[in-house]
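Residue numbers (the UniProt record's numbering), protein chains in the order written: chain A, 1 to 304; chain B, 1 to 304. We treat Cβ as the ideally placed atom computed from N, Cα and C, and that holds for glycine. Please read these numbers as outputs of a predicted model, since none were measured by experiment.
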């Protein structure tokens with residue numbers, strides 16, 4: 001195996017972590033938390049979503065959040081944008097980067113977005129183009145790359161089709177999502193083997209959920225394939241809403257622990273990250289699944 | 001990366017998982033649980049420890065447990081043995097395999113065993129030899145291979161010294177332990193690069209704790225190095241006693257999920273393993289850290 005010297009961590013906790021969260025986090029708390037995240041050394045934070053508040057009430061305050069945070073120079077603040085209406089709100093709030101999203105599997109796309117994949121292409125194309133015309137960088141998310149709760153296996157052809165359409169629209173980067181956390185390292189190899197013949201590693205990011213504990217192993221397999229950008233959420237927020245103890249996104253501090261120990265640079269400070277994790281855990285009001293957060297709180301045996 | 005076709009899972013839950021457990025598990029429950037584990041397809045179960053009950057009261061019923069379980073043909077039942085007195089109890093109970101243990105770091109060895117490393121060699125040599133004379137296979141554990149809570153980093157020379165002594169005594173297999181769960185995949189590569197020039201992969205097993213979430217990534221790195229035997233504990237038992245939410249041994253069902261999905265054969269049935277995990281979780285009386293157990297209980301979205 002070979003590993004890169006540097007990794008770019010993309011924090012998605014304020015968006016992917018909070019979007020299904022039942023505990024209401026106030027706008028003031030979100031702003032305070034994002035400001036704390038900005039001080040950890042993270043250079044990319046996805047802070048909210050401009051999906052209609054009817055669908056994601058937890059992030060109904062998107063415009064306020066973007067306007068109220070303290071923008072740290074060098075940090076890119078991104079947000080999810082589903083359509084042109086959402087883009088208008090995002091541009092009004094002056095977000096740095098616009099992320100569009102869809103699924104590789106038809107059924108998940110329809111259940112999640114209420115449109116077919118082909119209809120979604122038509123909705124997202126003007127969003128990407130208008131965002132770019134307004135000087136924004138753009139990111140595309142593909143969900144269910146590693147498996148779909150409705151269609152089971154997802155073919156690599158479906159992943160390639162959606163990825164090609166998104167790049168052809170003009171996105172700058174593609175994030176490949178293991179939405180329900182079912183992926184494994186051999187699958188990572190197979191999928192990236194195909195995608196890397198079509199798109200450069202520098203334009204791909206991996207987005208793993210740790211639902212079944214495989215996220216760091218999947219990241220390791222991705223590192224070996226040359227991927228250098230990974231999404232993660234502080235404290236492992238974003239779990240299955242039906243499972244209080246279940247993990248969501250890979251916890252940023254768990255990923256950072258592994259990278260730090262491997263000597264891979266990220267520019268992120270673990271102590272500050274853990275403090276931001278503990279801060280949001282208190283606001284959410286339950287034990288969150290991050291391994292390193294629980295160990296740090298308990299003061300377990302360490303090597304240091 | 002390359003992966004083997006078959007892996008041997010060595011279940012250590014009844015010993016490593018329970019030895020620091022505060023909830024008292026009765027002899028009858030231990031026996032019932034081990035019988036359930038025997039029916040999962042596991043071919044190796046470390047079921048108790050013959051360390052003096054003063055030190056490990058949770059396993060004071062070692063002889064009874066070994067005598068009362070239903071021995072399934074094809075399953076090897078192993079136990080920890082610290083000295084000749086423990087060996088007499090183990091032989092009386094007619095355990096199949098005798099495991100001896102010590103640390104790679106001097107301070108941890110002294111705190112854990114109350115002897116220097118050199119004194120420990122003298123104690124263990126007759127244990128291994130007498131076990132073999134009685135027709136038992138023998139296993140050696142080296143603790144703190146990836147880091148020590150007292151000495152921080154542990155040199156590869158110290159690991160090699162202890163490993164060579166144990167093999168020279170006559171052990172059949174060596175288990176390399178990340179006792180406090182601080183290891184990382186790059187370190188796995190470095191350590192195995194050295195050890196595999198001295199000992200065959202077929203005689204090495206890896207024993208990872210998932211304290212900081214890196215266990216499966218470390219196992220993936222080990223697979224890539226040709227290791228095919230891994231210790232694990234059902235439900236992720238064996239966590240830091242000060243951290244209720246912290247993980248202990250890598251959960252057998254988390255490891256099995258990854259291996260199953262990668263197409264690597266183990267002969268172990270995941271549904272039965274999860275049932276055995278849930279059974280012991282109820283006895284222990286708190287939520288255990290296994291990702292797959294929590295997800296299975298909650299009925300989260302799956303690909304299947």
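Excluding the 5 residues flanking residue 103 of chain B on each side, which residues of the same chain have their C-beta closer than 8 Å to its C-beta? 109, 112, 113, 117, 142, 143, 144, 148, 162, 179
Would you call the segment 122-135 of chain A and the segment 151-171 of chain A touching, i.e. three or more CB-CB distances under 8 Å? yes
Report yes if the CB atom of residue 237 of chain A is closer than 8 Å to the CB atom of residue 248 of chain A, and no otherwise. yes
Under 8 Å Cβ-Cβ, which residues of chain A neighbour residue 149 of chain B? 301, 302, 303
Around the C-beta of residue 222 of chain B, are 16 or more other C-beta atoms found within 10 angstroms, so that it is buried, or is it exposed? buried
Count the other CB atoms within 10 Å of the CB of residue 24 of chain A; is the residue buried (16 or more) or exposed (fewer)? exposed
Thinking C-beta only, is residue 73 of chain B closer than 8 Å to residue 320 of chain B? The question about residue 320 of chain B has no answer, for chain B in this structure spans 1 to 304.
So, residue 276 of chain B versus residue 40 of chain B, is the Cβ gap smaller than 8 Å? yes
Taking Cβ positions only, does residue 285 of chain A come closer than 8 Å to chain B? no
Using three-state DSSP, classify residue 207 of chain B as helix, strand or coil. strand
Could you say which of A/229, A/230, A/95, A/150 lies nearest to residue 301 of chain B if we only look at CA atoms? A/150
If you follow the beta strand (DSSP E) that residue 251 of chain A is in, where does it begin and where does it stop? Per DSSP, residue 251 of chain A belongs to no beta strand (DSSP E) and is neither H nor E.
Alpha carbon to alpha carbon, how far is residue 134 of chain A from residue 119 of chain A? 24 Å
Quick one: is residue 167 of chain B near chain A, going by C-beta distance under 8 Å? no
Tell me which residues of the segment 180-211 of chain A have at least one Cβ-Cβ distance to chain B shorter than 9 Å, keeping chain order. 180, 181, 182, 183, 184, 185, 186, 187, 189, 210, 211
Roughly how many angstroms lie between the CA atoms of residue 195 of chain B and residue 122 of chain B, to the nearest whole one? 23 Å
So, helix, strand or coil for residue 43 of chain B, using DSSP? coil
Could you tell me whether the segment 206-219 of chain A touches the segment 278-297 of chain B, using the rule of 3 or more Cβ pairs below 8 Å? yes
Sub-8 Å separation of residue 139 of chain B and residue 175 of chain B beta-carbons: yes
If you draw a straight line from the C-alpha of residue 172 of chain A to the C-alpha of residue 11 of chain A, how long is it? 18 Å
Would you list the one or two residues that DSSP bridges to residue 10 of chain B? B/231
Does any CB atom of chain A fall closer than 8 Å to the CB of residue 295 of chain B? yes
Three-state secondary structure (DSSP) at residue 116 of chain B? coil
Along chain A, which residues have their Cβ under 7 Å away from the Cβ of residue 292 of chain B? 212, 213
Candidates B/261, B/273, B/260, B/251, of which the one nearest residue 313 of chain B by Cα: Residue 313 of chain B is absent from the structure shown; chain B starts at 1 and stops at 304.
Under 8 Å, CB to CB, which of the residues in the segment 247-270 of chain A have a partner in chain B? 247, 251, 254, 257, 258, 261, 262, 263
Hey, would you say residue 217 of chain B sits closer than 8 Å to residue 273 of chain A, going by beta carbons? no
So, does the CB of residue 237 of chain B fall closer than 8 Å to a CB anywhere in chain A? no
Taking C-beta pairs closer than 9 Å, name the residues in chain A that residue 366 of chain B reaches, listed in chain order. The first residue shown for chain B is 1 and the last is 304, placing residue 366 of chain B beyond what the model contains.
Same chain, Cβ closer than 6 Å to residue 56 of chain A, neighbours up to 5 away in sequence not counted: 19, 49
Is residue 93 of chain A closer than 8 Å to residue 67 of chain A when the C-beta atoms are compared? yes
Is the separation between the beta-carbon of residue 279 of chain A and that of residue 89 of chain A shorter than 8 Å? no
Since I believe residue 63 of chain A is in contact with residue 86 of chain A (beta carbons under 8 Å), could you give me their beta-carbon distance rounded to a whole number of angstroms? Not really, about 11 Å apart at Cβ, beyond 8 Å.
So does residue 37 of chain B have its beta carbon nearer than 7 Å to some heavy atom of the ligand HEM? The model on display carries no ligand, and the ligand HEM is accordingly not part of it.
I'd like to know if residue 276 of chain A contacts chain B, where contact means its C-beta is closer than 8 Å to some C-beta of that chain. no
Residues of chain A with a CB under 8 Å from the CB of residue 220 of chain B: which are they? 185, 217, 220, 221
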